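Participant: Quick note: the sequence shown, position 83, residue 70 per the numbering used here, numbers continuous.
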Amino acid sequence: MVTSEQQLQADLLLAGIIRAIGLMSLLAMVAVCHIYAQQIQLGFDEQDRIWIRSVLYVVAITTFPVMKFVRHVLLRLNQTMSGDLSPKFRYLITIVVSMLVAESIGLYGFIMYILGDSFNTLYIFIVLSALAMFLYRPQIDEYRLVVESQNI
-12 MVTSEQQLQA DLLLAGIIRA IGLMSLLAMV AVCHIYAQQI QLGFDEQDRI
38 WIRSVLYVVA ITTFPVMKFV RHVLLRLNQT MSGDLSPKFR YLITIVVSML
88 VAESIGLYGF IMYILGDSFN TLYIFIVLSA LAMFLYRPQI DEYRLVVESQ
138 NI
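(1) Which residue marks the beginning of the alpha helix (DSSP H) containing Q(-4), and which one marks its end?
(2) In its own chain, which residues sit with a C-beta less than 7 angstroms from the C-beta of A117, not counting the 5 before and 5 after it?
(3) Near I92, what residues of its chain come up, given a Cβ to Cβ distance below 7 angstroms and the 5 sequence neighbours on each side ignored?
(4) What did DSSP end up calling M68 once you bin it into helix, strand or coil?
(5) Would you kindly check if the distance between the Cβ of Y130 and the Cβ of R(-5) is under 8 angstroms?
(6) How many whole angstroms separate the CB atoms of V84 and V53, which I take to be in contact at a CB cut-off of 8 angstroms?
(7) Might you give, ordered along the chain, the residues of its own chain that have their beta carbon closer than 6 angstroms to the beta carbon of Y100, omitting 5 neighbours on each side?
(8) If we require 4 or more residues per run, which alpha helix (DSSP H) segments fall completely within the stretch 38 to 111?
(9) Please say whether G103 and R36 have beta carbons closer to each other than 8 angstroms?
(10) Which one of S105, I8, S73 has the shortest CA to CA distance from L138?
(11) Between which two residues does the alpha helix (DSSP H) harbouring R131 extend?
(12) Looking at M16 and F97, is the spacing between their C-beta atoms short of 8 angstroms?
(13) Out of V45, V60, E90, K55, state which residue places its alpha-carbon closest to the alpha-carbon of R77.
(14) In three-state terms, what does DSSP make of Q34?
Okay, here's the thing in structure tokens:
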């Protein structure tokens, strides 16, 4: 059974909405930091913040290849696992996991801002998070492979 391009696009609508919600939550974090700037900052010692920031940068940078691997594994499982779940739902799980991991990178910036760091740190982590959401966005070719593997 061949699935039409329009049907595949329609199936990816919910995945796109999930991605949009993730991007909006990044904007919400920035807005909260701008609106409540001084009230939410805790003012941790600078040396402690430098250490925490360095660790979070390493975690954020290593998240990219780890996320690529996890996504690859999830996509292969989507194609090979038997079960009652539809290809749409299987792929949606992959997208949700990808977007949550990408969102966590932005959360690091929010946490660092609350600890007393500047807007620059917040923006760096938010941009890294948005980049991850772009790189690991729902893709019709991936979804097509999942659908075709279930129709065999």
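Here a beta-carbon is modelled for each residue, glycine too, at the ideal position from N, C-alpha and C. On a predicted model such as this, the values are computed, not experimentally measured, just so you know.
Facilitator: Checking against the coordinates, here is how it stands:
(1) -8 to -2
(2) L10, L13
(3) A47, T50, F112, L115, S116, A119
(4) coil
(5) Note on residue identity: the sequence assigns Leu, not Arg, to residue -5. In contact: L(-5) and Y130 (Cβ atoms closer than 8 angstroms).
(6) The pair is not a contact, with the Cβ atoms about 12 angstroms apart (cut-off 8 angstroms).
(7) C20, L109
(8) 74 to 102
(9) yes
(10) The sequence shown places Asn at residue 138, rather than the Leu named in the question. Nearest C-alpha to N138: S73.
(11) 127 to 137
(12) For F97 and M16, yes; Cβs fall inside 8 angstroms.
(13) V60
(14) helix
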